[in-house]
Amino acid sequence: MRVIVGITGASGAVYGLRLLERLRRREGVQIHLILTRAGEKTLFLETGRRSAEVKALADVCHPIENIGSSLASGSYPIDAMVVAPCSIHTMSAIATGITDNLLTRAADVTLKERRKLILAVRETPLHAGHLRNMLALAEMGAVILPPVPAFYHNPQSILDLVDHTVDRILDLLGLPDPQARRWGEPA
100 MRVIVGITGA SGAVYGLRLL ERLRRREGVQ IHLILTRAGE KTLFLETGRR SAEVKALADV
160 CHPIENIGSS LASGSYPIDA MVVAPCSIHT MSAIATGITD NLLTRAADVT LKERRKLILA
220 VRETPLHAGH LRNMLALAEM GAVILPPVPA FYHNPQSILD LVDHTVDRIL DLLGLPDPQA
280 RRWGEPA
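Read in order, the letters of the sequence shown correspond to residues 100 to 286 in my numbering.
Spelled out as structure tokens, the structure:
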């Protein structure tokens, strides 16, 4: 399975980092990473991790400006793309077809090829323009997955809250974690 992970500059860089860590543990998953410049900065500010450490979790790292990358073509087979966290800027660019960098181009290709696109949009509150763009993306086939914490699994740490969202992403990728806490199941 080939998965693209995009990390933007929105707050919540730990979601992308944790997704990379969890995917890395899975056999048969090839991870392609696209990290924006703002994503690099936010990762460091929020997690203390340098981009080289994060890039080491991926099988292939693609520079954001490399619009000629394999990921920019529908002929290159990928199974899914996740943008976590997804900034409003990136979400809006994808919604309106602005493909001026590899992340937005890869997302556009993912949509046009009818592949799974998951956007962990990290913003609150939302105005009508944000909601319209989310609706447009949902109508195009994207999955909008804001990292909204749940508490039924009795989280004991921030990582528990992050992992709950990552578990949902893994479910959508068809890679469910058997250790994930589920509603209605005993602890």
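Glycine included, C-beta positions come from ideal geometry on N, C-alpha and C.
Check whether residue i and residue j have beta carbons under 9 Å apart
i, j, result
"LEU271", "ILE217", "yes"
"THR107", "THR189", "yes"
"LEU225", "GLY105", "no"
"LEU119", "ALA157", "yes"
"ILE268", "ALA205", "no"
"SER169", "PRO162", "no"
"ARG121", "ASP259", "no"
Range covered by the alpha helix (DSSP H) that runs through residue i
i, result
"ALA227", "227-239"
"LEU260", "257-271"
"ALA219", "Careful: ALA219 lies outside any alpha helix (DSSP H), inside the beta strand (DSSP E) at 215-220."
"SER191", "187-194"
Close-in-space but distant-in-sequence residues of the same chain around residue i (CB under 6 Å, 5 per side omitted)
i, result
"ARG101", "GLN129, ILE177, ASP178"
"ARG123", "LEU156"
Collapsed DSSP secondary structure at residue i in the structure displayed
i, result
"ALA157", "coil"
"ILE243", "strand"
"VAL182", "strand"
"VAL113", "helix"
"LEU274", "coil"
"ALA250", "It should be pointed out that residue 250 corresponds to Phe in this sequence rather than to Ala. In this structure, PHE250 counts as coil in the three-state DSSP scheme."
"GLU164", "coil"
"GLU152", "helix"
"SER174", "coil"
"GLY147", "coil"
"GLY138", "helix"
"ARG124", "coil"
Residues near residue i in its chain [Cβ-Cβ closer than 7 Å; skip 5 each side]
i, result
"ILE243", "LEU218, VAL220, MET233, LEU236, ALA237"
"ALA241", "LEU210, LEU216, LEU218"
"ALA194", "ASN232, ALA235, LEU236"
"ILE165", "The amino acid at residue 165 is misidentified as Ile; the sequence shows Asn. Excluding positions up to five away in sequence, the list reads LEU201."
Span of the beta strand (DSSP E) around residue i
i, result
"VAL104", "101-106"
"ALA206", "Per DSSP, ALA206 belongs to no beta strand (DSSP E); it is in the alpha helix (DSSP H), 201-211."
"LEU134", "129-134"
Burial state of residue i (16 or more Cβ within 10 Å)
i, result
"VAL247", "exposed"
"PRO184", "buried"
"TYR114", "buried"
"ASN253", "exposed"
"ALA227", "exposed"
"GLU152", "exposed"
"THR223", "exposed"
Beta-carbon proximity list for residue i, same chain, < 8 Å, skipping 5 on both sides
i, result
"PHE143", "ARG149, SER150"
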